Ligand SMILES: Nc1nc2c(c(=O)[nH]1)N[C@H]1C(S)=C(S)[C@@H](COP(=O)(O)O)O[C@H]1N2
Ligand SMILES: [Mo]
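Have a look at this one:
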């Protein structure tokens with residue numbers, strides 16, 4: 393019995409480590425570019441480890457009764473077990489939902505992602521603490537102290553053993569190291585008034601485009617009432633910065649009149665305002681964003697698409713990121729080349745001065761720093777599609 397439990401414990405330890413490493417690679421925005429080619433593999437590995445974790449969890453359940461008996465005299469161990477059991481269950485269920493994200497509604501994956509992240513924020517520090525506290529040299533110290541005491545030689549009792557001193561110090565250090573990022577994450581979670589967005593606006597190194605276009609009345613204040621949620625800033629390159637001098641916008645390919653816009657030309661185009669939601673396929677969403685920009689179908693009308701054209705390809709000014717839509721997708725009523733977000737010129741992090749918005753599809757279609765649209769007759773696989781993302785990016789409702 394004891395051996396079985398020991399085996400479960402050590403397999404569990406290794407699996408959690410593997411899950412943590414692969415999960416961290418998937419989570420950290422700064423690693424998106426570096427590990428782009430392996431992202432889908434890491435995701436599959438993460439899912440595989442998750443399945444093994446689930447199997448282990450299931451195989452532990454019949455052992456649980458006897459485990460409970462063994463620890464029945466220790467209240468803290470029981471509390472511990474209940475805690476680990478609940479976290480594991482939440483991890484598994486939310487992970488399961490995220491595995492099938494494409495088949496789930498955006499609301500479900502949003503909730504699942506929050507739970508998955510929260511479990512990780514809470515459990516990982518506790519696991520690290522657990523590992524360090526159980527290390528051999530600390531245990532030896534305790535034994536040493538116990539034998540000394542049992543020999544009755546402790547006329548002077550050391551008030552704080554090396555072990556408990558270390559325990560408290562280590563716990564404090566852990567809280568100090570992880571606390572601030574956890575607090576930031578929590579704050580973003582509870583803050584749905586676009587507060588974080590305002591912070592970005594203040595702290596960002598933005599493009600310096602002159603003249604600055606004036607937003608429409610519906611845009612400022614935003615008719616959508618202000619975005620709800622938080623964007624995670626994603627980029628696979630460094631952020632490209634623009635001035636009106638190095639910025640251009642080109643529409644070419646299978647069109648009768650290719651155009652090259654300057655900034656001044658571009659901000660003179662007729663814009664519309666729309667309120668739409670934004671969904672990343674990894675599970676997070678931002679709701680009720682008020683966008684102002686030029687409808688893609690209006691831009692395509694201007695250049696006169698040739699009859700044999702079938703697709704529209706989008707190029708980011710980062711020189712790497714591309715995506716594409718079929719002509720019928722591209723001419724949907726809400727596909728927009730956006731200039732304003734909630735009444736502000738789109739900040740650099742979020743793909744300004746101009747980014748694409750395809751509200752009915754996952755945001756990997758929403759090319760940031762959009763500078764070129766090419767009309768073509770062949771399908772094109774975008775940056776993430778080449779790396780394993782689904783060509784079908786429609787969001788389930
Ligand atoms: N140029 C460029 N555009 C991009 C990406 C990128 O890495 N580079 N990431 C895409 C993905 S996967 C998402 S979810 C959104 C994220 O937009 P945000 O950074 O404004 O939150 O941008 C999309 N457009
Ligand atoms: Mo995404």
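Numbering (the numbering used here), first residue to last: 393 to 789. Where a beta carbon is used, it is the ideal one built from N, C-alpha and C, also for glycine. Here the structure is a predicted model, which is why all the values come from computation and not from measurement.
How about the region 644-652 and the region 727-747: do they share at least three Cβ pairs that are nearer than 8 Å?
-> no
Residues near residue 458 by beta carbon distance below 7 Å, same chain, minus five either side = 393
Using DSSP with H/G/I as helix, E/B as strand and the rest coil, what is residue 648?
-> coil
Does the beta-carbon of residue 607 have 16 or more other beta-carbons within 10 angstroms, so that it is buried, or is it exposed?
-> buried
Residue range of the alpha helix (DSSP H) that residue 747 falls in?
-> Careful: residue 747 lies outside any alpha helix (DSSP H), inside the beta strand (DSSP E) at 747-749.
May I have all residues whose beta carbon comes closer than 7 Å to any heavy atom of ligand 2, sorted in chain order?
-> 626, 672, 673, 674, 754, 755 and 756
Output yes or no for whether 8 Å exceeds the beta carbon distance between residue 577 and residue 657.
-> no
Cβ contact (3+ pairs, closer than 8 Å) linking the region 741-757 and the region 708-719 = yes
Distance cut-off 7 Å: residue 553 Cβ against heavy atoms of ligand 1 | no
Could you tell me if the beta carbon of residue 403 falls within a distance shorter than 7 Å of some heavy atom in ligand 1?
-> no
Cβ-Cβ separation, residue 682 to residue 697 (assumed contact under 8 Å), whole Å = Actually they are not in contact, since the Cβ atoms of residue 697 and residue 682 sit about 29 Å apart, beyond 8 Å.
What alpha helix (DSSP H) runs, 4 residues minimum, are completely inside the region 607-667?
-> 655-659
Is residue 687 helix, strand or coil when you go by DSSP?
-> strand
For residue 786, does the count of other Cβ atoms within 10 angstroms reach 16, so buried, or fall short, so exposed?
-> exposed
Own chain residues within Cβ distance below 7 Å of residue 427, not counting five before or after = 417 and 434
Note down, in chain order, each residue of its chain lying with its Cβ closer than 7 Å to the Cβ of residue 566, except the 5 sequence neighbours on either side.
-> 517, 520 and 521
Sorry if obvious, but does the Cβ on residue 785 come closer than 7 Å to a heavy atom of ligand 1?
-> no
Nearest residue (CA-CA) to residue 718, options 702, 732 and 396 = 702
How far does the beta strand (DSSP E) with residue 754 in it reach, from first residue to last?
-> From DSSP, residue 754 is part of no beta strand (DSSP E); its letter is neither H nor E.
Taking Cβ to Cβ, would you say residue 713 is nearer than 8 Å to residue 628?
-> yes
Sort 693, 733 and 448 by Cα distance to residue 612 and report the nearest one.
-> 733
Would you check if there are 3 or more beta carbon pairs closer than 8 Å linking the region 407-425 to the region 615-631?
-> yes
Classify residue 462 as buried or exposed, calling it buried when 16 or more other Cβ atoms lie within 10 Å of its own Cβ.
-> exposed
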